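K.L.:
Residues in the sequence shown are numbered consecutively from 7, following the working numbering. Glycine included, C-beta positions come from ideal geometry on N, C-alpha and C. The structure presented is a predicted model; accordingly, all values stated were derived computationally and were not measured.
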Amino acid sequence: MSSKADREGGYPRTPALLTKKLMQLFVPNVCCSVAASLAVIADSIFAGVFIGTEALGAVALCTPYLYLDEMLHCLFGIGITTMITQAVGRGDRLTSRRIAGAVLVAVFAAYVVVLTPLYFLCKSVFPLFSTDELLFGQAVDYLRPMLISMPYFEVMLCLERTYVIDGRPLLFASRAVVANTLNIAFDYLFVYVMGLGIEGLAYATILSTLIGYAVTLSHGLSKRCTIRPDFSVWHRPREALGYISEDIVIGGSSAIVMGLYGLLVS
């Protein structure tokens, strides 16, 4: 006899299936986390080998900003994953789409508000982390293109998390593989072949990530996608803000931990 979850289109609560769903969420998220680290490692290697030790130091100087990105992602990404998973488990696809529509707008707005001042003030912040003024110029050249791309990339990453829940976990993992493979190739092309310097590292990361997210969007445009963001939720601001508040409460503790860790290692 089918359970209520089965009849409503959710997941039956059997240990085997719950374990399977856990692994479907866990493995792609691990791949994504490793992918982000590998991109920075690749940039550091190319900076040190093909540009010089100052470029390597400049990439390292941008680490606090990367932890800020991770902190903001924890704040929004963990919540949207949890909330949509719960909604899908109840068989409530409408709520899952509304959650996505509310949170994705909030993510983009938060990134723009936080990162816009840093784009103009980043050179003034670098002395807090280093006294070597020779690094500041190269660090700015590397960081500013990354800051411009971060709002879009974070929206795509949160959207990607919904596609994992939508039954496409391998899509999430494959995007990370595609993006990192291309990042290494573009690092070599832009830095070694074209001689673009440290800016080439940033352009390589941005371009490879854009191409990787094209893989992600292929699901959003397909008929298999059942969690398309419903932005009409903003016609009911109180409902949208309620989803955002819950999202922040869920991810808040992880964001604080990530922020403190970033301060300790910077």
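Is Val239 near the ligand COA - that is, is its Cβ less than 8 Å away from at least one heavy atom of it?
P.N.:
The model on display carries no ligand, and the ligand COA is accordingly not part of it.
K.L.:
Excluding five sequence neighbours on each side, which residues of the same chain lie with their C-beta closer than 7 Å to the C-beta of Phe114?
P.N.:
Pro157 and Val161
K.L.:
Please go through the same chain and pick out, in chain order, the residues whose beta-carbon is closer than 6 Å to the beta-carbon of Asp147, but skip the five residues on each side of it.
P.N.:
Ile204 and Glu205
K.L.:
Is Gly107 closer than 9 Å to Phe237 when the C-beta atoms are compared?
P.N.:
yes
K.L.:
Quick one: measure Cβ to Cβ for Leu78 and Tyr117, integer angstroms, because I've assumed they're closer than 8 Å.
P.N.:
6 Å
K.L.:
Put Met162 into one of helix, strand or coil per three-state DSSP.
P.N.:
helix
K.L.:
In chain order, what residues of the same chain have a beta carbon less than 7 Å from the beta carbon of Asp253, not counting five sequence neighbours either side?
P.N.:
Phe82, Gly85, Ile86, Met89 and Val109
K.L.:
Would you decide whether Leu266 is buried or exposed? Buried here means 16 or more other CB atoms lie within 10 Å of its CB.
P.N.:
exposed
K.L.:
I'd like to know whether the C-beta atoms of Val94 and Asp172 end up nearer to each other than 9 Å.
P.N.:
yes
K.L.:
Return the residue from the list Val65, Gly257, Tyr71 and Ala48 that minimises the CA-CA distance to Leu153.
P.N.:
It is Tyr71 whose Cα lies nearest to the Cα of Leu153.
K.L.:
Taking the Cβ atom as the reference point for each residue, do Gly218 and Ala179 lie within a distance shorter than 9 Å?
P.N.:
no
K.L.:
Quick check on the DSSP output: the alpha helix (DSSP H) that includes Arg104 runs from which residue to which?
P.N.:
Arg99 to Val131
K.L.:
Rank Phe126, Phe142, Tyr125 and Pro123 by C-alpha distance to the C-alpha of Lys132 and give the top, closest one.
P.N.:
Before going further, note that residue 132 is Phe rather than Lys in the sequence given. Considering only alpha carbons, the answer is Phe142.
K.L.:
Closer than 7 Å by C-beta to Phe159: which residues in its own chain qualify, once you throw out the five before and the five after it? Chain order, please.
P.N.:
Thr215
K.L.:
May I ask which residues mark the beginning and end of the alpha helix (DSSP H) holding Ala93?
P.N.:
Thr69 to Gly95
K.L.:
With Arg103 and Arg234 assumed to form a contact (beta carbons below 8 Å), what rounded beta-carbon distance in angstroms separates them?
P.N.:
6 Å
K.L.:
Could you spell out where the alpha helix (DSSP H) holding Gly258 opens and where it closes?
P.N.:
Here the alpha helix (DSSP H) through Gly258 covers Pro243 to Val271.
K.L.:
Residues in the same chain with beta-carbon distance under 8 Å from Cys68, minus the five sequence neighbours each way, listed in chain order, please.
P.N.:
Ala145, Tyr148, Leu149 and Met152
K.L.:
Rounded to the nearest angstrom, what separates Tyr209 and Leu195 at their Cα positions?
P.N.:
11 Å
K.L.:
Tell me the residue span of the alpha helix (DSSP H) that contains Glu205.
P.N.:
Ile204 to Gly226
K.L.:
CB-CB under 6 Å to Thr168, same chain, minus the five flanking residues each way: which ones, in chain order?
P.N.:
Ile90, Ala106 and Ile233
K.L.:
Kindly list the residues whose CB is nearer than 8 Å to the CB of Val221, restricted to its own chain and excluding five residues on each side of it in sequence; keep chain order.
P.N.:
Cβ within range, chain order: Leu177, Ser180, Arg181 and Val184.
K.L.:
I'd like to know whether the C-beta atoms of Ala112 and Ile250 end up nearer to each other than 9 Å.
P.N.:
Result yes, Cβ atoms of Ala112 and Ile250 sit closer than 9 Å.
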